[in-house]
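Engineer: Heads up: the sequence shown begins at 51 in our numbering, then just goes up one per residue. Following this message is one structure expressed as structure tokens.
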Amino acid sequence: MTADTLVYDIGNSRYINLTDRCTLRCQFCPKHNGSTQVHDYQLKLSKRPMAEVIIPLLENPAQYKEVVFCGFGEPTLNLKTLLSVAHYVKAHGGNVRVNTDGLGNRLHKRNILPELAACVDRLSISLNAQNEDVYNTHCKPQLPNAYQELLDFIKLAPHYIKHVTITAIEGLPGVDTAACEKIAKQAGVHFKKRFLDQVG
Ligand code: SF4
């Protein structure tokens with residue numbers, strides 16, 4: 051059996067693979083298209099890693115442009131490890147970004163933004179669609195009311211974290227990225243258009 055890929059590098063940033071679990075079933079996700087690979091990295095995990103296993107793999111966190119929590123699943127599903135590692139990175143001069151599906155408050159049944167704000171510089175939230183129908187078509191949420199929960203999280207996030215960006219993928223059927231950008235403007239956050247098969 052090959053060892054789990056817990057960290058991987060894209061450009062000058064180090065990425066952390068905290069979990070391969072997720073409550074969405076995005077049709078564009080590599081793992082729902084029969085692949086366990088992103089770039090050259092195999093990201094399927096045999097178990098969810100603890101902070102003690104990740105921290106030694108970070109060497110000097112200040113050497114990276116960013117330390118990014120973005121793996122093969124939703125990082126806030128492994129919140130305890132995320133927070134411990136992010137605090138370590140901040141304490142050692144690094145920058146932290148979390149890429150999330152924005153359903154962390156729904157999952158944990160509490161507002162996790164104050165905890166994230168204490169150790170996260172940038173939050174990137176996948177909006178993916180301008181309305182619930184298109185979202186449900188592409189993301190197939192396993193939790194009820196996911197789209198509304200996501201919108202609520204997007205509105206709340208800039209009250210806690212200064213740099214918040216929401217994203218949508220250009221070219222998916224029915225996705226109107228201009229309308230997604232409008233949602234970003236209304237929430238007072240940045241917008242980034244993504245492209246299929248581009249991770250970062
Ligand atoms: S949120 Fe990310 S990890 Fe989860 S299914 Fe969608 S693309 Fe895959």
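In this text, a Cβ means the ideal position worked out from N, Cα and C, and glycines have one as well.
#1: Which residues bound the alpha helix (DSSP H) around D202?
#2: Run the Cβ filter for me: residues under 7 angstroms from any heavy atom of the ligand SF4, listed in the order they occur in the chain.
#3: Are the CB atoms of C169 and V146 nearer to each other than 9 angstroms?
#4: Under 9 angstroms between the Cβ atoms of L173 and V139?
#5: If the criterion is Cβ atoms closer than 9 angstroms, does the pair P99 and T131 meet it?
#6: Quick check: what's the CA-CA separation for Y185 versus S176?
#7: Mind checking which residues open and close the alpha helix (DSSP H) that includes K130?
#8: Identify every residue that forms a DSSP beta bridge with V57.
#9: What does the alpha-carbon distance come out to for the pair Q218 and K243?
#10: Rank K212, K190, A179, E220 by C-alpha distance to the C-alpha of L201 and give the top, closest one.
#11: Suppose contacts are defined by Cβ-Cβ distances below 9 angstroms. Is L56 in contact with N67 by that definition?
#12: For Y210 and L157, which I take to be in contact (beta-carbon distance under 8 angstroms), what is that distance rounded to the nearest angstrom?
#13: Report the residue from E116, A101, Y114, I105 whose alpha carbon sits nearest the alpha carbon of L129.
#14: Looking only at its own chain, which residues have a Cβ that is under 6 angstroms from the Cβ of G238, when we skip the five neighbours before and after it?
#15: In its own chain, which residues sit with a C-beta less than 8 angstroms from the C-beta of I76, not counting the 5 before and 5 after it?
#16: Please classify D183 as buried or exposed, where buried requires at least 16 other C-beta atoms within 10 Å of its C-beta.
#17: DSSP three-state label for I105, please.
#18: Let me check understanding here. Comparing Cα to Cα, which of Q113, H142, E199, A196 lies closest to S63?
#19: Out of D151, D171, N195, state which residue places its alpha-carbon closest to the alpha-carbon of E124.
#20: Can you tell me the Cα-Cα spacing of I216 and H240, whole angstroms?
Structural biologist: Let me spell this out:
#1: As a working mapping, residue 202 is identified with position 152 in the sequence shown. Unbroken alpha helix (DSSP H) run through D202: 196–206.
#2: C72, L74, R75, C76, F78, C79, K81, H82, F122, G123, E124, D151, S176, C189
#3: On the sequence shown, position 119 is the one that residue 169 refers to. On the sequence shown, position 96 is the one that residue 146 refers to. Yes, Cβ-Cβ distance for C169 and V146 is below 9 angstroms.
#4: Here residue 173 is taken as the residue at index 123 of the sequence shown, counted from 1. Here residue 139 is taken as the residue at index 89 of the sequence shown, counted from 1. Against a cut-off of 9 angstroms, the Cβ pair of V139 and L173 comes out as no contact.
#5: Locating residue 99 in the sequence shown gives position 49, counting from the first residue. Locating residue 131 in the sequence shown gives position 81, counting from the first residue. Contact: yes.
#6: Residue mapping note: residue 185 aligns to position 135 of the sequence shown, counting from 1. Residue mapping note: residue 176 aligns to position 126 of the sequence shown, counting from 1. Going from the Cα of Y185 to the Cα of S176 covers about 11 angstroms.
#7: Position 80 of the sequence shown holds residue 130. It spans 129–141 - the alpha helix (DSSP H) in which K130 sits, taken as one unbroken run.
#8: Here residue 57 corresponds to residue number 7 of the sequence shown, with the count starting at 1. Paired residue(s): I66.
#9: One-based indexing of the sequence shown puts residue 218 at position 168. One-based indexing of the sequence shown puts residue 243 at position 193. Reading the sequence as shown, one finds Ala at residue 218 and not Gln. Cα to Cα, A218 sits roughly 5 angstroms from K243.
#10: Along the sequence shown, one-based indexing puts residue 201 at 151. The option with the nearest alpha carbon to L201 is A179.
#11: Walking along the sequence shown from the start, residue 56 turns up at place 6. Walking along the sequence shown from the start, residue 67 turns up at place 17. Cβ distance < 9 angstroms, so L56 and N67 count as in contact.
#12: The count along the sequence shown starts at 1 and reaches residue 210 at position 160. The count along the sequence shown starts at 1 and reaches residue 157 at position 107. Not quite, the Cβ-Cβ distance comes to about 17 angstroms (not below 8 angstroms), so this is no contact.
#13: Here residue 129 is taken as the residue at index 79 of the sequence shown, counted from 1. Measuring from the Cα of L129, the nearest candidate turns out to be A101.
#14: As a position in the sequence shown, residue 238 is number 188, starting the count at 1. Excluding sequence neighbours, G238 sits near P208.
#15: Here residue 76 corresponds to residue number 26 of the sequence shown, with the count starting at 1. Checking the displayed sequence, the identity of residue 76 turns out to be Cys instead of Ile. For C76, where only same-chain residues beyond five positions count, the Cβ hits under 8 angstroms are H82, N178, H188, C189, K190.
#16: Sequence index remark: in the sequence shown, residue 183 carries index 133 (1-based). Under this definition D183 is an exposed residue.
#17: Position 55 of the sequence shown holds residue 105. In the structure shown, I105 sits in a helix (DSSP, three-state: H, G or I).
#18: Sequence index remark: in the sequence shown, residue 63 carries index 13 (1-based). Measuring from the Cα of S63, the nearest candidate turns out to be Q113.
#19: As a working mapping, residue 124 is identified with position 74 in the sequence shown. Among D151, D171, N195, the Cα nearest to that of E124 belongs to D151.
#20: For this step, residue 216 is matched to residue 166 along the sequence shown. For this step, residue 240 is matched to residue 190 along the sequence shown. Going by the C-alpha atoms only, they are around 6 angstroms apart.
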